[in-house]
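As you go down the protein sequences, you meet chains A, B and C in turn. Take the first sequence: its letter number 28 is residue 28 in my numbering, and every next letter is one higher. Take the second sequence: its letter number 295 is residue 742 in my numbering, and every next letter is one higher. Take the third sequence: its letter number 20 is residue 954 in my numbering, and every next letter is one higher. Yeah, the Cβ is synthetic: ideal placement off N, Cα and C, and Gly gets one too.
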Amino acid sequence: MRYIGNTRDNQREMLGVIGAGSLEDLLVRIPAKVRLARPLALPPAMAETDLVRHLRALAATNTDADHAVCFLGGGVYDHYTPVTIDHLISRGEFFTAYTPYQPEASQGTLRTIYEYQTMIAELTGMDVANASIYDGGSSLAEAALMAASVTGRAEIVLAAGVSPLHRRVVATYCEGPAVRLRDAAARDGVLDLDAARAAVGAKTAALVVQSPNFYGCLEDLAAAAEIAHAAGALLVVAADPVNLGVLQAPGRLGADIVVGEGQGLGVPLSYGGPNLGVFAAKQEFVRRMPGRLAGATVDLDGQRGFVLTLQTREQHIRREKATSNICTNVALCALMATIYLSLLGKQGLVRVGELASAKAHYAAERLGAVPGVSLAFGAPFFKEFTLRLPKAPERIVARLAKQKILAGVPLKAFDRRLADGLLVAVTEKRTKDEIDAYAEALARAVA
Amino acid sequence: MAMPRYDKLVFEIGAPGRVGYSLPASDVPVEDPRAGIPDSYLRREAPALPEVSEFDVVRHYSRLSQLNYGVDTHFYPLGSCTMKYNPKLNETMARLPGFARLHPLTPPASAQGALGLMHDLAQMLGEIAGMDAVSLQPAAGAQGELAGVLMIRAFHRANGEKRTKVLVPDSAHGTNPASTALAGYQVVQLKSLANGDVDLADLEAHLAPDVAAFMITQPNTLGLFEQRILEITDLCHARGVQVYMDGANLNAILGITRPGDLGFDVCHFNLHKTFTTPHGGGGPGAGPVGVKSHLEPFLPAPVVVRRGEAYALDWKRPKSIGKLQAFWGNFGMLVRAYTYIRTMGPDGLREVSENAVLNANYIMARLAKDYDVAAPGPCMHECVLSARKQKKLGVTAMDIAKRLLDLGFYAPSTYFPLIVEEALMIEPTETESKETLDAFCDAMIQIAREAEQSPAVIHEAPVTTSVRRLDQTRAAREPDLRWAPRR
Amino acid sequence: MANIPAELRYTKDHEWAKQEGGRIRVGITHFAQEQLGDVVFVELPKAGARATAKKAFGVVESVKAVSDLFAPLSGEVVEVNDALAKAPETVNGDPYGKGWMIVIAPSAPREWDGLLTASQYEEFLAQSGP
């Protein structure tokens, strides 16, 4: 077996040093009664060539974004991923290390976390960012719990445009601590400010708003901040960091905590995971934040170095009183994002946003002009929008998939009032030709 | 050999106007991509991100990587973390476009390969653990714990029972009490015996009608198999208490015994430990959770099911505890774990555990003269030593860890489990060969000699790393968590 | 020799209490700060908060440890040592002086009699000590 180092001779020698007669002698503490008396009922071992053939065949049955034109969004997107990222993160020193418990032998990881924290703080307009949470959904859930802990209140108001997938995660996390969820309705695709004002009150820990929201529409974050703060509640904003080269940093608009799905920052689609949970907050809340934080300090010689810090917040020290139970995070995805943001840089991220927005607006115009098809909402949008179709979106999507167009996400499963809704995302990678071909195929499909 | 020195952050290299990306010109007839978006929603100036070339980036991160120890480059005996070799084949398979480039909201009919892989992996993990059903959704061990405890809570509720407490031993990983508290339970800490075993009489005394669950690690965190496990699980079940197994130490028992056969109701798997997915500098991992059939209705939704020849995501799970992350699980990690299990087969997996146990016992035998052993063996896949002898000479477990870095090894886990004074928790894994173990043991013995004869060399350590010991106090007193230009 | 001023009273959780004309000044003992190591953060209540005997009123943290601060007596918190926010190291340097934490206006002054005297605390340390 190529992943095991010991030969039979090695084993004999080692057993001799231990003073044991056999491997079996080392297992004496395991009662006979609980021993598995048969081999595990698993398929037999496969040689590398056979296994590669098997997995290639399996992978080939999936319609992926390399073999079809992808207009799917809903939280993760087919954004441009410079090939350089995978080369760098694959270096074994990054890839096969763990949480930097020994900082002197982990300065590479610690320094990239510090860079990542700096970039995310800059994009979100927050003071501090952590080293990552699992994904956008769990990040939002952690933000809800943190808001409850900071304010001493036990109710969270969620704008109707918050991703229903993320809302379900928030509900799961809020079950134990008995934090209640309330919804604030939408009007024409965006948060109804009157409904928000009515829902947010003295018991509200936070108002949660996602922008652009699940349906693609841009929310009025400044107005939401005013409503939350007037009631002594926090404003939690869920934002896609890829958009923040063009869109205003939520921190500048009054957000107290900013979270988001950071997959677009160079993380593979990978059927939805691992993703990158972005988490940033104002300085005053830093000791209530979940997750790891890297900080700068000096070594014995006064030289700059980096460590994990404020660890007393975390489970390995504070145990049941920790700010979160998170231990393993998604450090490698955060490294992908750090390299992505370095490569794209000051100009590139703005360019990505401009291209995506331009192409999305072109696509909305083209698709919205197909007879029987219309834009569902009048609100401003960025790279994603909702269409209403004259035929069942599931069937249209299935039909276009056969023509290698992943047309969008049917919304019926998420919102029954949008049974005719199709969510379409357009990134900077889509071309005019692809969009035109999609419009033509859609016209044929709905005719 | 000293590490290279390199002190830059990416913000400290490059030049204004330099770029590292390649994007096409716009090919659509939209003149102003900001038209239609209210001014107040728009960023006024570009974010202060680096301005570097692609090669600047490549050299910067390559040099940063050289400041790390990883499994590929160094023996990494971090106890509880199972830092085994991460096969390169797993990586190539996870990067196949059909997996890596598959969007999670692709219609299930166009994602049959992915769903089938998940279905089969769940089945295989169920067989390995002796569990009836497995959810692959939890993103890491701690999230698996949360899912498991929430399922237990939902189970008791469905039975009309109000139980409010969960028992957790004082030797437990910190995530156990943290996840339990997050699930809304009061945590009651039980005192372990000196060898990390459960004190049965004490457990019995604590099994009150308001106890919902008992959560333990098997083998325990001292690396010993809990011998009276069947008595423990029987006792708990007799009182209506569910038993949760922290699966962090599963690498010790593959094909030898199974959590389900030990009487556990729930256990989680750490795919980044036992099943060779890389640790990535802190993650991502994957923390699937397995349950016995009575807990199956409460699994996180959706569940991957097979309907005839087709696979589907089943959302109609009225008793489900809900979702843990937006999508279906850390799929990229699932492909790697699947590849590993298919590579090893049943016999290979059993050899994994046998050799992991052999390696840990070998280290324990070789070091027993120079260090105190926390509990007499044989141990399972890891051994816990105490540096209490060395501490009397002024050399702590942390000092020993730092000295190991100079001698070319990453350090064991230190100061865990909490019930062992000056703990050094060593997990060699099966992928290390005898030569490496010998070199490590020689280094440990050398340090024990140095503690007696020349402790200064230990207190000075590390001196070969890119930085020397760091001022943790300053970092915590004056948190500096983001870069700002030097004024 | 342990540093345990004779005029103070003590708790088993290593807080000290000092009578100041009917009010009680509270801090942690020399032993406590030594056990914690370098103090990096102290979280204290706001003036006006209620303190309850044997219940936590705040938290003291070092790099690798957290400890609740327990009130020796019940009453209203009338003064808080805000200087510790900027200079937590004072708790290490001067635990019985500038490192004080809060002043309580006791609501049940007789709780004082239940606290350990210096000699009782010294004995307690000797018994539980390393």
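Burial state of residue i, where buried means 16 or more other Cβ atoms lie within 10 Å
i, result
"Glu382 of chain A", "The sequence as given places Phe at residue 382 of chain A; Glu does not occur at that position. That one is buried."
"Asp455 of chain A", "Nothing can be reported for residue 455 of chain A: it is not among the residues displayed for chain A, which extend from 1 to 447."
"Gly1031 of chain C", "exposed"
"Phe502 of chain B", "exposed"
"Gly992 of chain C", "buried"
"Pro1064 of chain C", "With a pLDDT of only 48 at Pro1064 of chain C, under 50, the local geometry of the prediction cannot be trusted, and the value read off the model is given with reservation. Classification of Pro1064 of chain C: exposed, given that the 10 Å Cβ count is below 16."
"Arg491 of chain B", "exposed"
"Asn606 of chain B", "exposed"
"Leu832 of chain B", "buried"
"Thr401 of chain B", "Outside the shown range of chain B (448 to 934) lies residue 401 of chain B, about which nothing can therefore be said."
"Arg813 of chain B", "buried"
"Asp889 of chain B", "exposed"
"Met14 of chain A", "buried"
"Ser618 of chain B", "buried"
"Arg929 of chain B", "buried"
"Ala951 of chain C", "buried"
"Val752 of chain B", "exposed"
"His87 of chain A", "exposed"
"Cys683 of chain B", "buried"
Min CB distance residue i to chain E below 8 Å
i, result
"Ile317 of chain A", "Absent from the structure: chain E. Protein chains present are A, B and C."
Neighbouring residues, chain C, relative to residue i (Cβ below 8 Å)
i, result
"Gln633 of chain B", "Neighbours of Gln633 of chain B on chain C: none; closest Cβ ~16 Å, over 8 Å."
Residue i: contacting residues in chain C (beta-carbon distance under 7 Å)
i, result
"Lys861 of chain B", "The residue asked about is misnamed: residue 861 of chain B is Thr in this sequence, not Lys. In chain order: nothing, as chain C lies at least about 11 Å away."
Within chain A, partners of residue i - CB distance below 9 Å
i, result
"Ala589 of chain B", "Gln315, Ser324, Asn325, Ile326, Cys327 and Thr328"
Short Cβ contact (8 Å threshold) for residue i with residue j
i, j, result
"Leu355 of chain A", "Leu387 of chain A", "no"
"Ala238 of chain A", "Gly136 of chain A", "yes"
"Cys174 of chain A", "Val267 of chain A", "no"
"Gly734 of chain B", "Pro859 of chain B", "no"
"Leu341 of chain A", "Leu349 of chain A", "yes"
"Pro1021 of chain B", "Leu854 of chain B", "Chain B is shown only over 448 to 934; residue 1021 of chain B falls outside these bounds and no answer can be derived."
"Ile788 of chain B", "Phe722 of chain B", "yes"
"Thr553 of chain B", "Thr63 of chain A", "yes"
"Thr622 of chain B", "Met662 of chain B", "no"
"Ala520 of chain A", "His550 of chain B", "Nothing can be reported for residue 520 of chain A: it is not among the residues displayed for chain A, which extend from 1 to 447."
"Glu384 of chain A", "Leu470 of chain B", "no"
"Gly291 of chain A", "Ile257 of chain A", "no"
"Arg91 of chain A", "Asp454 of chain B", "no"
"Gln969 of chain C", "Val1025 of chain C", "no"
"Phe975 of chain C", "Ala923 of chain B", "yes"
"Thr109 of chain A", "Ala331 of chain A", "yes"
"Leu1018 of chain C", "Tyr944 of chain C", "no"
Partners in chain A for residue i, counting only beta-carbon separations shorter than 8 Å
i, result
"Ser582 of chain B", "Neighbours of Ser582 of chain B on chain A: none; closest Cβ ~12 Å, over 8 Å."
"Ser509 of chain B", "Leu88 and Arg91"
Chain-ordered neighbours of residue i on chain C, where CB pairs are closer than 9 Å
i, result
"Gln919 of chain B", "Asp972, Val974, Val997 and Lys998"
"Thr312 of chain A", "Val974, Phe975, Val993, Glu995, Ser996, Val997, Lys998, Ala999 and Val1000"
Partner residues on chain B for residue i, Cβ-Cβ distance less than 7 Å
i, result
"Pro1022 of chain C", "Arg924"
Cross-chain neighbours of residue i in chain A, by beta carbon under 7 Å
i, result
"Cys528 of chain B", "Tyr98"
Amino acids of chain B, ordered along the chain, whose beta-carbon sits closer than 9 Å to that of residue i
i, result
"Val76 of chain A", "His550, Pro551, Leu552, Ala773 and Phe774"
Amino acids of chain B, ordered along the chain, whose beta-carbon sits closer than 8 Å to that of residue i
i, result
"His166 of chain A", "Ala773"
"Asn10 of chain A", "Ser880 and Lys881"
"Thr151 of chain A", "None at all; the shortest Cβ gap to chain B is about 18 Å."
"Pro31 of chain A", "Gln674, Ile676 and Leu677"
Problem - Within 9 Å of chain A by C-beta, residues of the stretch 985 to 997 of chain C in sequence order - result: Val993, Glu995, Ser996 and Val997
Practice task
Any chance you could list the alpha helix (DSSP H) runs of at least 4 consecutive residues sitting entirely within the stretch 787 to 872 of chain B, in chain order?
Solution key: Entirely contained in the stretch 787 to 872 of chain B, the alpha helix (DSSP H) runs reaching 4 residues are, in chain order, 835 to 838 and 844 to 853.
Problem - Against chain A: residues of the stretch 999 to 1015 of chain C by CB proximity under 8 Å - result: Ala999 and Val1000
Practice task
Counting only runs of 3+ residues fully inside the stretch 360 to 394 of chain A, write out the beta strand (DSSP E) ranges in chain order.
Solution key: 384 to 388
Handout entry: Where the stretch 901 to 916 of chain B meets chain A: residues whose CB sits under 8 Å from a CB there
Key = Pro909, Thr912, Ser913, Val914, Arg915 and Arg916
Problem - Segments assigned alpha helix (DSSP H), at least 4 residues, entirely inside the stretch 642 to 714 of chain B - result: List check, alpha helix (DSSP H) in window: 647 to 653 and 676 to 685.
Problem - In chain order, each beta strand (DSSP E) run of at least 3 residues that lies wholly inside the stretch 187 to 215 of chain A - result: Qualifying beta strand (DSSP E) stretches, in chain order: 204 to 210.
Exercise for the section: Name, going along the chain, the residues of the stretch 272 to 306 of chain A whose beta-carbon falls closer than 8 Å to a beta-carbon of chain B. Expected result: Gly272, Gly273, Pro274, Asn275, Val286, Arg292, Leu293, Ala294, Gly295, Ala296, Thr297, Val298, Asp299, Leu300, Asp301, Gln303, Arg304, Gly305 and Phe306
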